[in-house]
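For reference, the structure discussed in these notes is given below.
Protein chains in written order, with the working numbering: chain Z, 1 to 627; chain R, 1001 to 1103.
This is the structure we're talking about:
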């Protein structure tokens, strides 16, 4: 079937770009209209994405690739740009545009009254453009360009309130830490460029080269690991996860859009997109799976001891991204589908949770969960939708998080029992910290004096839409309805309903919620049961395993010391040489100008001396020649 | 060349050095002019000495020195005229104060 809409997919990123250009050029004059420009442009993109998605849903539409824009000529090699529409891309397009649209609407309420609101919307538009460009890129180099662009947008938006020193520090940290990963990705691209037949970097060539087994095994593993390093940086996996919780200094809608639903998922998307390389290297798959699993449980345990509502959610994001990586690392087509599916559902319920948290923060003006409480009665919509999101994240039947988590766990159960148990324990912690968060914020008595009331319509509407999606999105891929798997990876490997896994994952989720209920509502188990008995354990969790402190002493301090040394070298040696040259020149000039004093006798003397030197030189030369 | 010219040349050199010293160090512009004349005359002495006692003796040098004396007389006349004009407008003949080109 010929694709009718896919060939126009390149239009999708252009509308946000247009909105960015308009807002940058005339944003100051627009005042309140800026939000509408941004919303409308994303809405158009969303409709286009839906058309593309709908067309591909219909059946056997072949992948559409257009990779003919010549960008750079290097000898015989031409670097091209273009776009590609596959089923995976189409799904990502819908996720990105939908979440971006809802976040745009939400922001028009949340950021109302901020005097730089149009700058904010310009950044969001730029981000949406970059993210959509990343999704439909036809080759790795183009993807890398957009990859860096989303990094820049993340930097700009985390540091949006740049007058707060923490925001500035967080923005710098986010940029620098992700750059470490980006260097890995870039080296991987260079290696691919060097070793691929015809230096091709487009995804179909990569698919052909690696699935055909033409590449040497060691090289494949190296490239896969380096690509994964890029994904680690972007998706906040251990050990480069430290930037993501700090990035919560940005405005909350940004946390929902960039640091929960879309940009951080780009790492997962990258691994899925270059999955052929990973599939050719069992060692790389193992690394992906175990880093993912470790991150999942590591971040989940930290999440239980944080007191900032957004940081709890941030660690939860890190943990869920670990889940997705773990799924991809299992290496089967079904597991990969499960990972992408988790990305899909996670985008909705995590965006929902962040936007709900933003609604709460908007109402009580604090982020400390111990200063909230009893908000359920006064913020009914926020409480209900947040509750749905929390249940979905905890993996309770029949919400979307359950189906995707169950898909991952049952694949893990079939292929790697260790991963399964790690994932199950992480699921328990997830349920526990979400119930802790929910009960502390919405249940009990108010612990703050602030008059909390429900947020405006523009903020609650996206919450409701996302809540509906958080409930419904899961039915796209269930053990009894495996069409998503067929659609995404192209062959039928139906997921087998594994009752043991279904029961266990639900049980674990309910157990976590029950424990949270006992501790924070009934208070039959004292909240300090652990912190009083093993204070070191609680401190360890609260201080996030001292990873930040470790990096501070092991990496940041020595580098700062080196920086100081280099500064000294720069000031005294490099600058010294420059100053010496400048002093010599000015001294010479000053001596010359002193000579030019207008006294004719001085000029005469100078001329005489010059003559004498000339004569001496001539005589001396002759003398030497004869001597 | 025989050593006969040496006394003339020595005298000319001494004269030239005295003139040079005067031209570079005296503060009075008139004395500076006089010193310049001394140097010119040292040159004339050389010309005459070489024309009489040089490798190719002839009248050329002597005639040339006659021209030089004439030109020097004209030059001194012009120089003195400039000095008088300068003295009238500035009221000084001190060379150190003649630096208006720089200002």
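Heads up, the beta-carbon is just placed ideally off N, CA and C, and yes, glycines get one too.
Keep in mind that this is a model prediction, so the values were computed, not measured.
Apart from the 5 residues on each side of it in sequence, residue 299 of chain Z sits with its Cβ closer than 6 Å to the Cβ of 315, 318, 319 in its chain, given in chain order. For the 8 Å CB-CB criterion, residue 170 of chain Z and residue 247 of chain Z form a contact. Taking CB atoms only, residue 1023 of chain R has a neighbour in chain Z less than 8 Å away. Comparing alpha-carbon positions, the option among Z:126, Z:114, Z:23, Z:74 lying closest to residue 12 of chain Z turns out to be Z:126. Residues are counted here when their Cβ sits less than 8 Å from a Cβ of chain R; for the region 590-620 of chain Z these are 596, 597, 598, 599, 600, 601, 604, 605, 608, given in chain order. With respect to chain Z, the C-beta atom of residue 1076 of chain R has no partner C-beta closer than 8 Å. In the three-state reduction of the DSSP assignment, residue 99 of chain Z falls in the helix class, which pools H, G and I.
Using a Cβ-Cβ cut-off of 9 Å, residue 1098 of chain R is close to 598, 599, 600 of chain Z, given in chain order.
Put simply, the region 405-423 of chain Z touches the region 322-336 of chain Z. At least three CB pairs are less than 8 Å apart. The distance from the Cβ of residue 373 of chain Z to that of residue 440 of chain Z is about 6 Å, consistent with a contact at the 8 Å cut-off.
Not flagged as an interface residue toward chain Z: residue 1043 of chain R, since no C-beta distance is shorter than 8 Å. Contact annotation: residue 1046 of chain R and residue 1004 of chain R have beta-carbon atoms that are not nearer than 8 Å.
Residue 234 of chain Z is a Cβ neighbour of residue 264 of chain Z, given a cutoff of 8 Å. The CB of residue 1030 of chain R never comes closer than 8 Å to any CB in chain Z; the least such distance is about 14 Å. By the Cβ criterion, the region 220-232 of chain Z is not in contact with the region 74-88 of chain Z, since fewer than three pairs of Cβ atoms, one from each stretch, lie closer than 8 Å. By the 16-neighbour rule on beta-carbons within 10 angstroms, residue 224 of chain Z is buried. Note on geometry: alpha-carbon atoms of residue 1061 of chain R and residue 607 of chain Z lie some 27 Å from one another. In the three-state reduction of the DSSP assignment, residue 45 of chain Z falls in the helix class, which pools H, G and I. Residue 304 of chain Z sits away from residue 238 of chain Z, with the two beta carbons spaced by 8 Å or more.
Between the alpha carbons of residue 585 of chain Z and residue 561 of chain Z lies a gap of roughly 35 Å. In the three-state scheme derived from DSSP, where H, G and I count as helix and E and B as strand, residue 543 of chain Z is classed as coil. Counting along the chain, the unbroken beta strand (DSSP E) around residue 85 of chain Z starts and ends at 77-85. Among the residues of chain Z, none has a CB under 8 Å from the CB of residue 1071 of chain R; the nearest is roughly 20 Å distant. Closest in alpha carbon position to residue 117 of chain Z, among Z:71, Z:195, Z:34, Z:363, is Z:34. In this structure, residue 293 of chain Z lies away from residue 400 of chain Z, with their beta-carbon atoms at least 8 Å apart. Approximately 21 Å separates the beta-carbon atoms of residue 1054 of chain R and residue 1039 of chain R; this is outside 8 Å, ruling out the contact. Bridge partners of residue 64 of chain Z according to DSSP: Z:85.
In its chain, beyond the 5 residues on either side, 338, 341, 477, 495 have a beta carbon closer than 7 Å to the beta carbon of residue 407 of chain Z. In the three-state reduction of the DSSP assignment, residue 6 of chain Z falls in the helix class, which pools H, G and I. If you look at residue 257 of chain Z, you'll find it isn't in any alpha helix (DSSP H); DSSP assigns it neither H nor E.
One alpha carbon belongs to residue 622 of chain Z, the other to residue 615 of chain Z, and they sit about 11 Å apart. When 9 Å is used as the limit between beta carbons, residue 1048 of chain R is near no residue of chain Z, the shortest such separation being about 24 Å.
A straight line joining the alpha-carbon of residue 379 of chain Z with that of residue 311 of chain Z spans about 21 Å. Taking residue 350 of chain Z as reference, the option from Z:41, Z:213, Z:185, Z:463 with the minimal CA-CA separation is Z:463. CA-CA distance, residue 501 of chain Z to residue 396 of chain Z, rounds to 13 Å.
Residue 478 of chain Z carries a strand assignment under DSSP once its states are collapsed to helix, strand and coil.
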